[in-house]
Structures are given as structure tokens and as C-alpha cells.
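Report on one structure; see the data block that follows.
Numbering (the numbering used here), first residue to last: 19 to 959.
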């Protein structure tokens, strides 16, 4: 299970929050989280069906959750449930391989799946008129999965590349994916990593796949959730027709009944891993299953530890003591025994011993002293806001319900757990800390660079031989399913529903500040963003990262509030505040419950207008930025993107690392930071966006009250930096020992205001704008060379780029680079078929449509328009502009703007493995050792 999945598991089942008795409450009443309104029934074959109707959306979410996960991997087949998840997107009796993508992405929807320890879920969001087709397809793959040798071998290779990319090549990937589960369990099969191992993946067979499907993929082991816009009676008829006819097997479903024994003695293990730029530390403790009454108090405890900037781990380890570059925790509850996990990536020059001592002190403080009333309230409010955000969409509500059904065995748990949280007291938090976080119950992993491994030292983390797993029993009789000679066709889509577009309302203050409101009802949230033009494009050549560092410091203290005070005030409201810089501007974004908007906006206004840039805060932020850059430079994928930007843009500010380099960050002083702030954040070049449960009149009053007195200083002279003529290059960055190579092919593009923007956008969607696009088809699906391949258009005020990227084995890096370039060339050399063009336009519009369903999605789109110099009414023109692109216009854009002859090729990986083939393909390749790489200039040396 990935870290993201673990965090999702903690948030997803939560729901109703009420005020805890006996605690001080805000003056305004807290907005209630509506219980999930659902219907449920169980078919004769055992399939449990839940439906959540939402007529306010034009989409529908379909989810099928199976009660089988990584803990059910057969003996000698770790990672099998996850591998099987991939194979479910292949063929059935009636579906061709990858046809599920045709039924979703090609009509403007999307699909995905995930494998947890206790479940595997498959989920789609499509325009509501395609609901019947998705139900038909999901039922078909439940009943008639077809596995053939070529597709099986290709997808197994894809999973191997996923393991290399996310676990072996990425810094700290092995800590959470491999070491954490192995150290946490001595008997329970949760100990086996969900991603598996290269050896176990290779050992898997088609016979295993067929047996696994027959054993676990059955209606009485599944939960179907439909959430969105549908007709209830019609939905029932479709479900009865497609799922009701699936036969329930007579054999019992095998269940894991192993019980993990209590840990009675502390465990400490050391791991030495390649590509570890800074030491790290992880400490975990067993906690009860998710349905246990103590989980509510543990959830609050976890929020006290690490939810927000004001949380204990960040304040103590990162902010106050500077022992860690980052520190956090997560509550990983499961169907059986889970864990409370704390971890830290140490700051440069700090030892793992210092980090361990600091973590232990914070855990001891939870046991020894009661949390404050303010901490308790802050934790509860942040949990509430997280739930509100997760429930903005029908899909999010469906996820919460399904997780409750499958993990807790009760759909009401989705609304009960947060009500329980509302009753948690400080005494409860201390009680569970004393019960579960005792010294003797801790499991500690010290994660150190491979270079520090003592001579002869062996890995201390392996799968315990006492872990109990069972072989896969093959059901009898087990027949191989084959494609139908005359396959049934999907039902025809119904007439489409019309989506409702957000309607921005604009006004302007006397000082020039634009105020834009998008009122949305339904979820009591508001996202406010102050967006200003300027940004990193104005950074001096030897001060890359000045705008980014200045933005980071805005929330680290004003003339009236300290950094801690800012965090505490906003997080007490259940909100979050973050400032960041982009190439053409910067923004400060606040998300808060609607009833707390005025209080949150007061902090945002102070942060924007009165930053302190205190010397101590500057040094603290500089140190953290340098450490973050150090970690980024050790990730092949991130580093390849940074090098490609320099190769494409040369000495132009767009080519410099947005967050700076260690060298440029050291050179920045307070005057640079003030100059960056003052040149960007001024009312005559800023827009205040408010999206959510807020009226234009409310927005105008707040803006006048908080920003009406904001005055701009003298406008700095405008400097126009022309885009330099850059010679394409082929660059190999030698990262010895890299587990995988990152490959980027990138070339100059266009500004966002160009009349060729929409033709290029559509052409890029054909090239690499999704799973069904050409790059992923060629590199992942046909050849199994990568976990994924894609492309993107970056169109800014002053220019842009077109970038294609993938990651693959070092030995196949050259092949991947040639495939990326070849597909870029084919885009302009051959006509784009009408059917392909229409499906890719639908995919582009579908992504846009899903984005405008959330407050931060709308704010992000409008904020992008502001930075790109595009009128806000582009929001209403977007769909028509995409639909108007014809095949000739898309091809013309590709001829001019996707020609690989103007592209640079960047490969980051282990040169001794990738260079022979790369030199053959590109004799002109420049090889730069990673230790000699200098991103501060266009020469890279």
C-alpha cells in the first residue's frame, strides 16, 4: 500500500463532526457534514449494491470493491493481487484488451484501480449517459476475464517497471514500500510488500491468474457502488440484468485468520539504501483494527502529531530544532492490526540518532501530558475540513461508503467514526497514547545511505520466516475463458446531460485589485486565492529560487503574526494556507470552512501585505529549501525534468529550477526576497479569487475591508527577456546505481495566448494526454517497457514547451527515447483519424469537467488564466474551442510544434548500463556525471 493510499484510508471513512461538550467553540455554528444518503440491497448471488444519487452533477461514478488484497497473495507470489489488478484491464469474453479505456477515457471519463492490503477496487467516472455501458463492462470482467500469454507477459513487465520507478529508483521508496511492512509484522501476511518482488512477479503464471479470479472475483465477495446522476429504477434494472445473472460459486471464500501477536519488546533495524540523499527514520506502533472504538482517539492523536504546520512533529523537529527536513505521521488502520507511523527525513548534517531522540520525545510527551484544548479543537476542525473536501464529488462519497462497508463491515461507519471523533477528549488521547505507544511496542527503522554501510554488514530488514501464508487452492473445475467468437457489444449511450459551468462574477477595488467570485452551493467550503503576476520569470540569473523562497516565507511571519501564530490561527479554523511561486506569478491559497471565511481571510491579507522576512526565518527556510533540492536531485524523474528545462530554455528564466539550486539559494539575501515579493504582490497586478459558499457581495465586502487600504509602491521597470535560440542537445546524466532511467524528449512550444494553443492542446492529447494516447500505447501497452508514458504542453505568458516523458530499465532507455521522438514525429507526418481525434477531444473535455466539480479545481483553472494573461471568460469558451479543433489544425500544430528535430533528449540513469545503446542511437550524446552537474547555467557543467 502506498503512502497516499494509507493517508486516504485514514481520511475516507470519516464523516459527521459535532462540537465536543465542554470545549470552547467558535462564535459561528460549524457547518454540518451531511450524512451520506444511500440505498442498499443485496442480490440473490450475494453482491452488495449501494447507490448515492446526486442530480447536481452530469457525471456518475461506478466502483467495484473486492474483498481481496495483498494479504491474500499466495505463498511465493507476493505482489500477486496487485499484478492481478493490472490484468483486469485486459480482455473478457466480450471486451477487447484495453476496451475499458475506450469506454471511459474516450468518452471524457477516466478509470483506475488500487490494491490495498484488504481490498482491490476498480473505479470509473464517466458522463452519466454512459452508465449502462460501464455496468455492463464491470459485470463482464467480474464473470469472464480472459488472460492470454502476450498480454500477461507485457503487463507483468509493466508492474516490474512500476516497482523500479516507485520503490527502487525513488528516494525513500524502499522505506515505506518494503521495510515498513516487513518490520511491522512477524506473523500476519501484511508483512509482505504489496508491490511484491521482481522474483515473485516473474514466478507468477497464467494458471495462478485464473485460479485467483475464480477464487476471489465473485459477486458474494464484492461491493458495487454507483454515485452520481442516474434514474433509480433504471439503475436497478441494469444491475439486475448484468450482475444478477452471475453465478455465485459454491466453494467458500478463503479468509486470512492469522492473528499478529502483541509486540512485547522494541525492535530496531537498520537499512542501507542507494539513492538516499539524507538519512531518514521511521517508528511505528501496532494499533487495533479500523472498526475498534479507540480509532477515533487515535485519529485525533495523529492529527495532533502532524496535521498542518502547527502540528507537534513539524513544530518540534522541523521548525524549532531543525533536526528534520520534514516530519509527519499517518494512521494506517486496516481490517486487522494496523499501525500508527511517524517518520522524518533528517536535515543536512543531522544524525539519525538525533532524529530518533526527537521523535521519542514527542511520543513520550503524548503519553506524559495532556493535549491542550486548542490542540484538540484544531485537530477536530482539520479532520472536518478534510472530510468536506473528500465529499465534494459523488466519487468521493462513494469511496467513503465502500471503504466503510469493506473494512468495517458497516456502511454506517462512514458517518459514525467522525461523530465518535467529536466526543474524543484530551484524556482519551492520552489514554490511547499510553496504551498503544509504549516504548516496548515501538518498531524503528534507521534508513541510511548505502555509502555508510559498514564492511560486511548485511540488510537487517527481511521478511520474517514466521510469516504465515497459504498456497492458492485451485478451484475445480477451472476452465480457461476465451474470447467470444461473436462478442456482445456494449449498450449504446443515452442522450448526454448538460453540465453547469461555473460563472465568475468580477469587480475591482479602487486600488486596482480584481475580485472574482464563483458561488457554489452544496459543500460548505471556500477556496480563496490571491494570484499575482510576476514570479520566477523575474528572478535574476544568479538568484534562481528567489520568488519561490519569498513565497514560502510569506506564511512564516508578518509584522503582526509569527509563523507559528499564522499556522495556529488558520488550522484552528480547520483551514490550510500555502503560498507558492510559479514561472509567471505567485499565489497565496486558503481553504477553509465557509463559516470561518472572514477569520481565515484576515490572515491571508496580513500574509500578503505585511511579510516580515525575519533573518531567523530566512535561514530556516533556506536550509529546508536546500535539503529539499538535494532530495529532488536524487530522483531520476525529477532531475530529468530539471535538465530538460535547461536544455529547452537555455539561459531564459524559464530554464532555471523554479525552487532554485543549492548554490543559488545560498546567494539569496533579504533584499532579494523583498524585491521578489514587492515586484509581484501589488494590488494593481493581483486578483483575489473566492470559490465556494460565498456570494459576490460577501466577497466584495471582505476584499474592501481587508485589502482596500493596500497601496502599491513604485512599479519596477518591466524587463522583457527574449527567448534565446537554443540548439537541441542529447544529454545523459550518469547516476551510478540508479534502479531505473528517466527519459525526457522536450522542445520549445508556444505562449498560452497563441491562436495555436487549442490545436496544440488537442494534438498533445493524441500524443500523450492520457492512458489511451499514443505514447502509452506504444511504450507501456504494446511493449511493457514502462509503468507509463505521457506528454504535456506548458504554455506560459512568454513561451512554452512540449515535453514527452517516461521511465524504464536502464538498458531500454535508448529504445524509449527513440519511441518518444518517433511518436512526436508521426503526429505531424500522418493524418489524425477522425475517430481518434474525437476521442482525444472528449478526454480533454472530461478532465476539464471533473476539475470544475471542486472549489480548488475551479480556483486552479482561473488562477492559471490570470498567470497566463488569459481572460477569465475563457472558462466558458474552453469546451467550444476544443470541439472546434479539426484534424488539419491539429496536424498543422504538430508539424510546427512537435517536430522532434527541434527537441532535446535527456536521459538520467546508470550510464554503464544505458550508454552503449544510447550512443548507438545518438552518437552526439553528452555525458555529465551527476556530481558534476550544474543547473545554475545553460551549459549544465
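Cβ coordinates follow ideal geometry from the N, Cα and C atoms, glycine included. Computed from a prediction, not measured in an experiment: that's the story for all the values here.
Own chain partners of residue i with C-beta closer than 7 Å, once the 5 adjacent residues on each side are dropped
i	result
residue 376	334, 335, 339 and 341
residue 942	748
residue 622	546, 548, 595, 606 and 608
Backbone CA spacing between residue i and residue j [nearest angstrom]
i	j	result
residue 368	residue 344	12 Å
residue 352	residue 620	40 Å
residue 606	residue 396	21 Å
residue 832	residue 670	28 Å
residue 330	residue 317	15 Å
residue 816	residue 912	20 Å
residue 880	residue 890	6 Å
residue 779	residue 904	12 Å
residue 42	residue 443	Low confidence applies here, because residue 42 scores a pLDDT of 32, under 50, leaving its location unreliable and the question unanswered by this model.
residue 65	residue 157	11 Å
residue 393	residue 403	15 Å
residue 740	residue 563	20 Å
residue 326	residue 332	8 Å
residue 962	residue 876	Residue 962 cannot be examined here, being either before or after the span of the chain that is shown, 19 to 959.
residue 507	residue 418	32 Å
residue 643	residue 870	32 Å
residue 250	residue 711	29 Å
residue 458	residue 586	33 Å
residue 26	residue 54	The predicted position of residue 26 is uncertain, since its pLDDT is 33 and thus under 50; a value taken from the coordinates is nonetheless stated next. Whole-angstrom Cα-Cα distance: 18 Å.
residue 926	residue 520	42 Å
residue 592	residue 839	47 Å
residue 30	residue 298	The predicted model places residue 30 with a pLDDT of 32, which falls under 50 and marks its position as unreliable; any figure quoted below should be read in that light. Cα to Cα, the separation comes out at about 28 Å.
residue 841	residue 655	20 Å
Reference residue i; option with closest CA among the options
i	options	result
residue 788	114, 111, 129 and 62	129
residue 668	735, 630, 930 and 742	742
residue 179	957, 807 and 144	807
residue 694	554, 876 and 769	554
residue 226	237, 276 and 165	165
residue 624	638, 79, 636 and 608	608
residue 544	576, 923, 189 and 873	873
residue 416	241, 304 and 283	241
residue 452	940, 666 and 319	319
residue 468	292, 626, 603 and 527	292
residue 426	882, 259 and 85	85
residue 248	697, 146 and 909	146
residue 611	75, 895, 957 and 405	405
residue 194	709, 745 and 214	214
residue 199	860, 400 and 358	358
residue 824	847, 851, 794 and 844	794
residue 947	938, 755 and 826	755
residue 374	414, 440 and 302	302
N- and C-terminal bounds of the beta strand (DSSP E) containing residue i
i	result
residue 304	298 to 305
residue 139	138 to 145
residue 83	77 to 84
residue 684	Premise fails: residue 684 lies in the alpha helix (DSSP H), 680 to 685, not in any beta strand (DSSP E).
residue 613	No beta strand (DSSP E) holds residue 613; DSSP gives it neither H nor E.
Supposed close pair residue i, residue j - CB separation, criterion 8 Å
i	j	result
residue 758	residue 183	6 Å
residue 786	residue 818	The Cβ separation is near 16 Å, so there is no contact.
residue 571	residue 635	6 Å
residue 589	residue 750	That belief does not hold up - the Cβ atoms of residue 589 and residue 750 are roughly 45 Å apart, past 8 Å.
residue 798	residue 176	6 Å
Cβ neighbours of residue i in the same chain (closer than 6 Å, five flanking residues each side left out)
i	result
residue 159	106 and 110
residue 19	Note that residue 19 scores a pLDDT of 34, beneath 50, so its modelled location is shaky and nothing firm can be said.
residue 410	541 and 872
residue 663	673
residue 863	126, 897 and 900
residue 907	777
Contact test: residue i Cβ vs the ligand HEM heavy atom, cutoff 7 Å
i	result
residue 405	What this structure holds is no ligand at all, so the ligand HEM is not there to describe.
Opening and closing residue of the alpha helix (DSSP H) in which residue i lies
i	result
residue 527	Residue 527 -> no alpha helix (DSSP H), and no H or E assigned at all.
residue 348	Residue 348 -> not in any alpha helix (DSSP H); beta strand (DSSP E) instead, spanning 342 to 350.
residue 122	117 to 122
residue 467	Looking at the DSSP string, residue 467 is not in any alpha helix (DSSP H); the run it does join, the beta strand (DSSP E), is 461 to 467.
Neighbourhood of residue i by C-beta, 8 Å cutoff - its chain only, sequence neighbours within 5 removed
i	result
residue 883	889, 890, 892 and 893
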